[in-house]
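Counting from 1, position 122 in the sequence shown corresponds to residue 114 in my numbering; the numbering is continuous, with no gaps.
Glycine is no exception: its CB is placed at the ideal position from the N, C-alpha and C atoms.
Below is one structure, written out as structure tokens, with a few remarks after it.
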Amino acid sequence: MKRYIYILAIAFGMMSCIQDDYLVDGGVSSPEIGTDTYTFLQSHPQLDTLALLIQRAGLIEEVNDENTLFAPNNLSIQRYVDEVLAEMREVDPEAVYTVNDIPTDTLEKYMGGYIFPGKITREDMSEGGEIMTAINGEQRRISLEPREEYTGQLSSFPEYVFYTYKKGDEWDEWNRIVDDKLIRVRTSNLLSTNGVIHALQGNHTLFDYEGN
């Protein structure tokens, strides 16, 4: 009986490690996910709401093309819903707003800002970054930057992928950020059968929404 429990504990630990691979940046030990991008989003408990929004935006074909997705997770989507609801309740304390209430035209306009033509991996990125244009015409700076953070597992500083919004009239210098907003990628270089996925941190709010 003890041996059986021990085997179960090992199996559970292995499953946890596999799940954690999709939560921590630095690249993953096995980047191949074995499915197309949309199927992966549908099957992942932290990205399945994103799959729903992509479907409503009519972007499944684009997501499953040879493109790169910077994926906001379910927490980022909930942050957006909470922001909108807070504004609504300033007018109507009984207001209700859920993810299903996000207008289709809003999704069609902004969801494409997370999808970029071609396969963009960490190996294609630089510290200074590159201004790239998403399929909806919006621009982001995509970069791979070291951060002076202590880690007992690496002999050098870790490098993180950043997905950056321009907030002023012009882009800030990459090494002197004043107005622009950097969003750190939590897990990078997930390789689907068609493209590349970089999962954004949950402290990002969908569409970088900041309210009125």
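Other residues of its chain near residue i: CB distance less than 7 angstroms, five sequence neighbours each side excluded
i	result
residue 48	96, 99
residue 164	170, 171, 172
residue 203	75, 79
residue 137	119, 151, 152, 154
Same chain, Cβ closer than 8 angstroms to residue i, five either side skipped, listed in chain order
i	result
residue 240	Because residue 240 is not part of the residues shown, which for the chain are -7 to 204, the question remains open.
residue 126	104, 105, 106, 107, 108, 132
residue 27	35, 184, 185
residue 101	128
Assigned secondary structure, residue i (DSSP; H/G/I helix, E/B strand, else coil)
i	result
residue 43	helix
residue 30	helix
residue 72	helix
residue 54	helix
residue 17	In this prediction, residue 17 scores a pLDDT of 49, lower than 50, which makes its location untrustworthy; the coordinate-derived value is nonetheless stated afterwards. The answer is coil: DSSP assigns residue 17 none of H, G, I, E or B.
residue 135	strand
DSSP bridge partner residues for residue i (one or two, in chain order)
i	result
residue 196	Partner(s): none; residue 196 has no beta bridge.
residue 62	190
residue 149	None, per the DSSP bridge assignment.
residue 140	Note: residue 140 sits in no beta bridge, so no partner.
residue 24	183
Distance cut-off 6 angstroms: residue i Cβ against heavy atoms of the ligand ATP
i	result
residue 149	With respect to the ligand ATP, the structure offers nothing, as it holds no ligand at all.
Spatial neighbours of residue i in its chain, beta-carbon cut-off 6 angstroms, leaving aside the 5 residues before and after
i	result
residue 33	39, 42, 43
residue 56	28, 29, 30, 186
| query | Does the region 59 to 73 touch the region 33 to 47, meaning 3 or more C-beta pairs lie closer than 8 angstroms? | reply | yes
| field | Complete runs of the alpha helix (DSSP H) confined to the region 65 to 124 [at least 4 residues] | value | 66 to 83, 96 to 102
| Within the region 156 to 189, ranges of the beta strand (DSSP E) (whole runs, at least 3 residues) | 173 to 183
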